[in-house]
Amino acid sequence: MSLNRLTRRLHYWASFAVALPILVIFSTGILLQLKKHWSWVQPTEIRGTGTTPLVGLQDVFATLQREPTLAVRTWDDISRMDIRAERGLAKVTLTSGWEAQVDLGTGKLLHTAYRRSDLIESLHDGSYFAGDWTKLGLFLPAGLVLALLWVTGLWMFWVTWSARRRRHASLK
Numbered sequence: 057m058s059l060n061r062l063t064r065r066l067h068y069w070a071s072f073a074v075a076l077p078i079l080v081i082f083s084t085g086i087l088l089q090l091k092k093h094w095s096w097v098q099p100t101e102i103r104g105t106g107t108t109p110l111v112g113l114q115d116v117f118a119t120l121q122r123e124p125t126l127a128v129r130t131w132d133d134i135s136r137m138d139i140r141a142e143r144g145l146a147k148v149t150l151t152s153g154w155e156a157q158v159d160l161g162t163g164k165l166l167h168t169a170y171r172r173s174d175l176i177e178s179l180h181d182g183s184y185f186a187g188d189w190t191k192l193g194l195f196l197p198a199g200l201v202l203a204l205l206w207v208t209g210l211w212m213f214w215v216t217w218s219a220r221r222r223r224h225a226s227l228k
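Sequence positions in the sequence shown follow the working numbering and run 57 to 228.
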């Protein structure tokens, strides 16, 4: 079997085999690229007052507890806290998927919204489905096959382009 025929056959069947994981990877990748530009994916960051934090973590926690819609009862309800001192802001991601932004100058709750970027990222890398098995056993090979599709696609392009070029040169 010639290299060209093998390349075409490999490209054909490999693209079929990884179609669904690649669809998930590129569609969620597009959403992640837009996360700072589309508040549906990740809430817009609000600027707080000042650049030196005047409130402590306990004050931020107390502010979150005062907001009934967030349902924060213990520190276990908080997934992570991102302190942006230069923006005067604490971005708090809750285990429920909500994000709260607290002013580090006043302790006031600035903004709450549902944060979808973490869910989209777990879909993107495959960890959402079944943890490491899907991530390493399906999405990693799909990414490697995508690299193979890129190489075989370039090869098919080169063969076609160079044949046309040679044919065009021979007609002159």
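Virtual Cβ for every residue (Gly too), placed ideally from N, Cα, C.
Inter-residue Cα distance where the pair is residue i and residue j
i           : j           : result
residue 94  : residue 220 : 45 Å
residue 215 : residue 206 : 14 Å
residue 88  : residue 134 : 23 Å
residue 58  : residue 65  : 11 Å
residue 176 : residue 218 : 42 Å
residue 96  : residue 77  : 23 Å
residue 68  : residue 201 : 12 Å
residue 102 : residue 222 : 60 Å
residue 81  : residue 203 : 13 Å
residue 182 : residue 91  : 18 Å
residue 192 : residue 184 : 12 Å
residue 63  : residue 212 : 7 Å
residue 132 : residue 86  : 32 Å
residue 189 : residue 210 : 31 Å
Top-ranked residue by Cα proximity to residue i, from the options
i           : options            : result
residue 165 : 174, 121, 182, 141 : 121
residue 124 : 213, 204, 154, 114 : 154
residue 107 : 143, 163, 72, 132  : 143
residue 112 : 181, 162, 63, 208  : 162
residue 119 : 70, 158, 188       : 158
residue 170 : 129, 224, 131, 100 : 100
residue 60  : 189, 208, 228      : 208
Residue i, enclosing alpha helix (DSSP H) - first and last residue
i           : result
residue 98  : Taken as a continuous stretch (DSSP letters only), residue 98 belongs to no alpha helix (DSSP H), as it is neither H nor E.
residue 148 : Here residue 148 belongs to no alpha helix (DSSP H); instead the beta strand (DSSP E) covers 145-150.
residue 77  : 75-89
residue 176 : 173-181
residue 197 : 196-227
residue 119 : 113-122
Beta-carbon proximity of residue i to residue j, cut-off 7 Å
i           : j           : result
residue 196 : residue 84  : no
residue 168 : residue 186 : no
residue 104 : residue 160 : yes
residue 98  : residue 173 : yes
residue 137 : residue 146 : yes
residue 116 : residue 198 : no
residue 141 : residue 109 : yes
Opening and closing residue of the beta strand (DSSP E) in which residue i lies
i           : result
residue 154 : 154-159
Residue i - partner residues in DSSP beta bridges
i           : result
residue 129 : Bridge partners of residue 129: none, in fact.
residue 136 : 149
residue 165 : 158
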